Amino acid sequence: MKWYLDFSIYRPGLDQRMDESIARAWEFMQAIKPYDPTFHRWRETARTKAQAEANPNIETLDQLRGAVYNTMKPDLPGAQLMLFSGDIDADGSTLDIQLGLGLADTHFIALHTGHALGARIDADEDFADWLIYTGARIVNPTIGALSRQGSPLNPDPEPYDFGPGWKMFFHRDSPHWGQAHALASKAVPVAEGAILTYGTPDTYTQTLNQWPHQQ
């Protein structure tokens, strides 16, 4: 089973400080490097396998920064870089860095795991805790979620305006801070907020469906 670890960061003026978010993404890449053999090699995705195979390895922060800025287009306000880990056709992960596209001063850093790493999250909650804790500590997001691929989603937007997660990060200034804690089975402070756990990988969507919706 694959998992998604998604973080959203909103700060006034953040689009003028893209290097800050790129550096946080790079620090996160280095932190997770020992935990999956494919994390020792990252390259930009491409339309074809041959193009992806030919893309250079991203081995330094400067190379990552250059790759992000190379994706910018004159008619778009921000940048988006998609990386894949490991060899072509390996059970690797992808990392999505999206800066200022869609919403001004809002950046997204998201890790989508391969099957092997996803299986470890399923089997080892301590590792799942470490992964989202480490990401939140480094990224310092506004909100984040660790969610399993294929978990049911509601047709309408969630009251907290993000996808549901087994484990979620909420900033302490969030208007949802109190309700987020009310449903949580565990809370761990980190960065400028806390990581909250909602039941189990099989029950978290049901738990979060108890979140009151405004009428």
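Numbering (this note's numbering), first residue to last: 66 to 280.
Here a beta-carbon is modelled for each residue, glycine too, at the ideal position from N, C-alpha and C.
As the structure is a prediction and not an experimental result, all values here were calculated from the model.
Nearest to residue i (by Cα), restricted to the options the options
| i | options | result |
| --- | --- | --- |
| residue 225 | 236, 144, 150 | 236 |
| residue 151 | 246, 132, 103 | 103 |
| residue 219 | 275, 232, 252 | 275 |
| residue 190 | 232, 214, 175 | 232 |
| residue 214 | 84, 238, 176 | 176 |
| residue 238 | 207, 154, 262, 266 | 207 |
| residue 223 | 203, 245, 85 | 245 |
| residue 278 | 262, 253, 241, 250 | 241 |
| residue 127 | 154, 90, 266, 157 | 90 |
| residue 73 | 161, 174, 67, 119 | 174 |
Segment limits, alpha helix (DSSP H) that includes residue i
| i | result |
| --- | --- |
| residue 184 | 180-188 |
| residue 93 | 83-97 |
| residue 130 | 126-135 |
| residue 116 | 114-119 |
Expected contact under 8 angstroms - CB spacing of residue i and residue j to nearest Å
| i | j | result |
| --- | --- | --- |
| residue 230 | residue 247 | The pair is not a contact, with the Cβ atoms about 16 angstroms apart (cut-off 8 angstroms). |
| residue 110 | residue 149 | 5 angstroms |
| residue 197 | residue 234 | 7 angstroms |
| residue 146 | residue 159 | Rounded, the Cβ-Cβ distance is 11 angstroms, inconsistent with contact. |
| residue 69 | residue 212 | 5 angstroms |
| residue 201 | residue 115 | Not really, about 37 angstroms apart at Cβ, beyond 8 angstroms. |
Counted within 10 angstroms of its Cβ, other Cβ atoms place residue i as buried (16 or more) or exposed
| i | result |
| --- | --- |
| residue 99 | exposed |
| residue 108 | buried |
| residue 270 | buried |
| residue 84 | exposed |
| residue 80 | buried |
| residue 286 | Residue 286 is absent from the structure shown; the chain starts at 66 and stops at 280. |
| residue 77 | exposed |
| residue 250 | exposed |
Boundaries of the beta strand (DSSP E) in which residue i is found, first to last residue
| i | result |
| --- | --- |
| residue 71 | 68-75 |
| residue 260 | 258-262 |
| residue 144 | 144-150 |
| residue 109 | 107-109 |
| residue 177 | 171-177 |
- [ ] Check whether the region 163-180 touches the region 133-149, taking contact to mean three or more Cβ pairs, one atom from each stretch, closer than 8 angstroms.
- [x] Between the region 163-180 and the region 133-149 there are three or more inter-stretch CB-CB distances shorter than 8 angstroms, so the stretches are counted as touching.
Task: Inter-stretch contact at 8 angstroms, needing at least 3 Cβ pairs: the region 167-185 / the region 123-133 - done: Flag = no, the region 167-185 and the region 123-133 do not touch.
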